[in-house]
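Asker:
In our numbering, the protein residues as written are 1 to 146.
1) Less than 7 Å between C-beta atoms, sequence neighbours within five positions excluded: which residues of the same chain meet that for residue 78?
2) Would you mind reading off the limits of the alpha helix (DSSP H) that contains residue 111?
3) To the nearest angstrom, how far is the alpha carbon of residue 80 from that of residue 74?
4) Reducing DSSP to helix, strand and coil, say where residue 26 ends up.
5) Is residue 3 buried or exposed, if buried means 16 or more other CB atoms sit within 10 Å of its CB?
6) How do the segment 81-92 and the segment 56-68 stand: do at least 3 beta-carbon pairs fall below 8 Å, yes or no?
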């Protein structure tokens, strides 16, 4: 259930919170508010990813020991993808944006914003896939009974 809730949080930020802030405030103020929202989102995403990675690692290890899977499961790869998207999108791209806004650096603010938005969208897609897989039948019910 946690991946679905996490994906829902990101969708709410993308489709409700951010547009509402820009509709209500002047552009510079809205940028600061949305920037703060993304600070909280990035740290929340890292915390949720670490929690889910710990849970998935235990599950994948148990499956590998019983011969039903690998320690590096699809779910683990999806979670590692969300971590990559968070680190790259927020902690690598976001710090470059103030300089780009001032006209400095190799990429424009719009280009960096597009890259950051792409990482955010990819993170939502990875979480949707993870939530879909988590909602499916469990490993126990997938094995044929004799």
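Backbone N, C-alpha and C define an ideal beta-carbon position, used for all residues, glycine too.
Answerer: The answer reads as follows:
1) 126, 129 and 130
2) Residues 109-135.
3) When rounded, the distance between both Cα atoms is 10 Å.
4) Coil.
5) buried
6) no
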